[in-house]
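Heads up: the first sequence is residues 2 to 310, going by the working numbering.
Think of the CB as a built atom: it goes at the ideal place given N, C-alpha and C, for glycine as much as any other residue.
Here is the structure we will look at, set down as structure tokens.
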Amino acid sequence: MKIGYPCINLTLPCKGDRTFRLRSYSEERLVATVRNNLDCLLDVLRFNAEHELLFFRITSDLVPFASHPVCDFDWQCHFREDLARIGAYIRNNRMRISMHPDQFTLINSLDPGVFERSVKELLYHARVLDSMGLDKSARIQIHVGGVYGDKSESIRRFSARFKALPDRVRRRLVVENDDRLYTVQDCLRVHGETGIPVLFDAFHHFLHNDGETAREAVEGSGATWAEADGLPMVDYSPRRRGAYRGGHASSLDTDDFRRFLKETEPHDFDIMLEIKDKESSALKAVEICRNDRRFSRVVNEVWAPPSPS
DNA sequence: CCCTGTCAAGTCACG
DNA sequence: CGTGACTTGACAGGG
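What follows is the structure, given as structure tokens:
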């Protein structure tokens, strides 16, 4: 099990997700911003390595407007060495990486233009990971998309579109259950049609499910990951007490986290803590796993399949 | 320098 | 049919 947090670090002074307004786009502005973001990313990764946080989500804002028509700059070439250096650092420290394009990326959209823009956005994400020389355990997670009045048809459309995606995108894509439309069960149907691994989001599952326990959902989604895909990825946010819905709680509820770990034993996975205070909660999680012998997974050990005995 | 309206992109629920 | 939620900060223009 590796423990991580998404996109930004609140301890360090640098900001790794700097962007700017489309109106103020210029090549100089882009280069300066990407320069800043890459430098900061390496700082954050160093911080993570020092604190045994080996799972990290790289922000989609690393290269602002990378998939927008306004951007005709060859950032991959210009920043080749920086990207390669970051990738080497990730590999040397056995870090796990994910990326998560935002809600505008919809490969099952009825609108061909939306689909087209989504492919460009996915290609951008794949290029970031490719430029870093990361293997296919570095994943890009998206939701299934819209329902458009017919979920089965929309799942079929997702699957058909998926099969036609560029290989560099297809090999990294995973689907995540969302909080209103597609449950873990729905994602498993997508897996059945495409073979895509299913990323389990515990918070979304709590808000939207088909009656199965978190344990069952972890087992079902976990079985969709082949060895070359890397360990299953799980997103976890604390449920906010008293609020049925609402955003992520501001800090880790250690009791709830312990309960989740206990409930899902002995299944191993890498866990992303999507919590407002970022690395602060992730560090708490590392402490919990290290100091509590009741938990069977070993943090940051190289994973091996459970022995049959 | 401070204030504040607005920011690339989509979909669904709600009133 | 129009607006807000999703999630949230910070960019950038105007005073």
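Next on the checklist: Which residue wins for smallest C-alpha separation from residue 185, given the options 164, 174 and 209?
Outcome noted: 209
Checklist entry - When DSSP labels each residue in this structure, what does residue 46 get in the three-state scheme? => result helix
Next on the checklist: For residue 148, which residues in the same chain have their Cβ closer than 6 angstroms to its Cβ, ignoring the five residues on either side in sequence?
Outcome noted: 155 and 182
Checklist entry - By how many angstroms is the C-alpha of residue 124 removed from the C-alpha of residue 85? => result 18 angstroms
Next on the checklist: Excluding the 5 residues flanking residue 92 on each side, which residues of the same chain have their C-beta closer than 8 angstroms to its C-beta?
Outcome noted: 134 and 135
Checklist entry - Alpha carbon to alpha carbon, what distance is there between residue 81 and residue 218? => result 40 angstroms
Next on the checklist: Looking at residue 60: is its Cβ nearer than 8 angstroms to the Cβ of residue 17?
Outcome noted: yes
Checklist entry - Counting pairs of beta carbons, one from the segment 188-207 and one from the segment 216-233, are three or more of them closer than 8 angstroms? => result yes
Next on the checklist: So the candidates are 15, 3, 4 and 66; which of them puts its Cα closest to the Cα of residue 24?
Outcome noted: 66
Next on the checklist: Quick check on the DSSP output: the alpha helix (DSSP H) that includes residue 289 runs from which residue to which?
Outcome noted: 280-292
Item to check | Rounded straight-line distance, which links the Cα of residue 68 to that of residue 256 | outcome: 42 angstroms
Checklist entry - What span of residues does the beta strand (DSSP E) with residue 236 cover, start to end? => result 234-237
Checklist entry - Ordered along the chain, which non-local residues of its own chain (more than five positions away) have a Cβ less than 6 angstroms from that of residue 207? => result 240
Checklist entry - What does a CB cutoff of less than 6 angstroms around residue 272 pick up in its chain, not counting 5 residues either side in sequence? => result 4, 235 and 237
Checklist entry - Quick one: what does DSSP say residue 221 is sitting in, helix, strand or coil? => result helix
Next on the checklist: Need the endpoints of the beta strand (DSSP E) that residue 7 sits in, please.
Outcome noted: 4-7
Checklist entry - At a cut of 8 angstroms, does the segment 102-120 reach the segment 156-163 through at least three beta carbon pairs? => result yes
Checklist entry - For residue 215, which residues from the same chain have a beta carbon less than 7 angstroms from its beta carbon, with the 5 sequence-adjacent residues on both sides left out? => result 203, 206, 261, 264 and 265
Checklist entry - Is the beta carbon of residue 280 less than 8 angstroms from the beta carbon of residue 7? => result no
Item to check | Alpha-carbon to alpha-carbon, residue 104 and residue 247 | outcome: Low local confidence applies: a pLDDT of 49 at residue 247 is under 50, so the model's placement there is unreliable, and no value is given.
Next on the checklist: As an exercise, report each continuous beta strand (DSSP E) stretch of at least 3 residues that is fully enclosed by the segment 32-107, in chain order.
Outcome noted: 56-58 and 97-100
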